[in-house]
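Q: Take this structure first; my questions come after.
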Amino acid sequence: MNSPADPLATLPLRDDLRGMSPYGAPQLQVEVALNTNENTHPVPADVVDAIGERVRSVAAQLNRYPDRDFTELRRALANYLGHGLTEQNIWAANGSNEILQQILQAFGGPGRSVLSFVPTYSMYPLLALGTGTEFIAGRREPDFSLGAESAARQVAEHAPAVVFLCSPNNPTGTALDLDVVDAVYEAGEAHSTVVVVDEAYAEFSRSGTPSALTLLEGRPRLVVSRTMSKAFALAGARLGYFAAAAPVADAMRLVRLPYHLSSVTQATALAALEHHESLLATVEEIKTQRDRIVAELAALGLTPATSDSNFVFFACGQDAPTLWQGLLDEGVLVRDVGIPGHLRVTAGTEAETTAFLTAVRACLHRE
Ligand code: PMP
């Protein structure tokens with residue numbers, strides 16, 4: 524696996540890391556970047572001011588470590604989520620990637636496995652690798668859907684320590700029915716499986732799609748993970764969080780690094796929560812653009828999947844790398860997630876969406 528050109532080849536790396544590639548969504552300087560499912564709307568001015576004020580107020584105490592248990596932030600997150608949650612049910616970390624890593628550090632690890640259903644979020648196998656947890660790639664239907672019966676059967680078959688259910692699923696965009704979550708939890712009961720529902724995109728769900736937060740009551744090993752990177756338009760702040768029974772949140776103290784959430788991060792997140800209505804005001808506009816992408820791609824003869832998220836996964840009816848390059852030549856960066864004949868595009872502003880659709884038309888005409 525190690526070519527002589529591999530600069531890491533001579534290092535005493537762990538055997539299981541040899542020849543591996545890091546997570547690498549390209550960070551290219553392009554006019555229209557629609558490849559990492561960010562909220563492309565800038566942070567509103569009132570929130571910029573509030574973050575500035577909050578951060579300023581902690582700056583003079585940056586000589587001290589932050590509140591290790593970030594109690595004020597946990598309380599604010601519990602209030603934001605509702606569902607009768609308190610700060611004891613909440614945990615937070617530097618992005619939901621770190622949340623998922625800490626869950627595997629606590630409940631996965633050597634000799635244990637994590638099951639997820641592919642295609643799904645590409646970081647899950649990498650987080651498994653980094654924590655020494657075996658990754659089991661569960662199966663979906665050919666149309667990428669996942670039913671309760673199939674999911675439960677696979678949980679029973681593999682008896683994993685942890686299951687990651689991504690809902691809405693990245694990269695396909697569709698939310699899971701709660702009966703799938705329920706069936707997976709039931710099937711894992713016998714093995715005390717921890718079931719994590721990664722709801723990074725939940726705020727963009729079509730109306731009537733309930734959150735797995737509604738299932739927390741009475742399920743002591745169910746975890747619902749969220750992030751401020753998407754709907755909150757704060758990917759740069761790095762704040763992810765989860766809601767679960769209090770002992771699950773408590774268990775994270777065993778694996779987190781001391782003071783993992785900086786005072787600046789806590790101050791930023793508190794300001795964001797105080798102004799969540801202003802931050803979340805773009806969600807409806809993004810959903811409108813998402814629905815526009817689905818309708819217009821279908822009208823062009825492509826096959827977009829139903830989306831509950833701020834992105835659209837579509838079958839492009841041609842070689843995906845060629846269309847990806849064609850769009851890039853038009854100044855629009857989308858994501859080739861490595862699934863033959865498919866691409867994924869983030870719903871941005873109205874102007875960005877127009878640029879994307881114009882570029883698609885130009886590429887299709889060129890064929
Ligand atoms: N879960 C899913 C499904 C994602 O798509 C992403 C980001 N692409 C994350 C988690 C991680 O996001 P963050 O670490 O920024 O919270």
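For the record, in the sequence shown the residue sitting at position 64 is 587 according to the working numbering, with numbers rising by one throughout. C-beta atoms are modelled at their ideal positions from N, C-alpha and C, and glycine is treated no differently.
1) Using only the heavy atoms of the ligand PMP, determine whether one of them is closer than 7 Å to the beta carbon of residue 732.
2) Tell me whether the beta-carbon of residue 739 lies closer than 8 Å to the beta-carbon of residue 767.
3) Taking one C-beta from the region 532–542 and one from the region 832–839 each time, how about it: are there three or more such pairs within less than 8 Å?
4) Going by the DSSP bridge assignment, what does residue 556 pair with across the sheet?
5) Whole angstroms is fine: what's the gap from residue 828's alpha carbon to residue 697's?
6) For residue 616, name the three-state secondary structure that DSSP assigns.
7) To the nearest angstrom, report how far apart residue 745 and residue 657 are at their CA atoms.
8) Answer with buried or exposed for residue 770, where buried requires no fewer than 16 other C-beta atoms within 10 angstroms of its C-beta.
9) Taking only the alpha-carbon atoms, compute the straight-line gap between residue 850 and residue 885 and give it to the nearest angstrom.
10) Does the distance from the CB of residue 788 to the CB of residue 749 come in under 8 Å?
11) For residue 638 and residue 678, which I take to be in contact (beta-carbon distance under 8 Å), what is that distance rounded to the nearest angstrom?
12) Comparing C-alpha positions only, which one of 559, 574, 625, 582 sits nearest to residue 781?
13) Is the region 607–618 touching the region 810–828, taking contact as three or more C-beta pairs under 8 Å?
14) Can you list, in chain order, the residues of its chain whose CB lies under 6 Å from that of residue 660, leaving out five sequence neighbours each side?
A: A quick look at the data gives this:
1) No, the beta carbon of residue 732 sits no closer than 7 Å to any heavy atom of the ligand PMP.
2) Going by C-beta atoms, residue 739 is nearer than 8 Å to residue 767.
3) Cβ pair count under 8 Å is below three, so no.
4) In the DSSP assignment, residue 556 forms a beta bridge with 856.
5) Rounded to the nearest whole angstrom, the C-alpha separation of residue 828 and residue 697 is 7 Å.
6) DSSP places residue 616 in strand when its eight states are reduced to three.
7) Each residue's Cα considered, the two are about 20 Å apart.
8) The Cβ neighbour count for residue 770, taken over all protein chains shown within 10 Å, is under 16; the residue is labelled exposed.
9) Distance between the alpha carbons of residue 850 and residue 885: 9 Å.
10) Not in contact: residue 788 and residue 749 (Cβ atoms no closer than 8 Å).
11) With a Cβ gap of about 6 Å, residue 638 and residue 678 count as contacting.
12) Looking at the Cα atoms, 625 is the closest of the given residues.
13) The region 607–618 vs the region 810–828: no contact.
14) Hits under 6 Å: 641.
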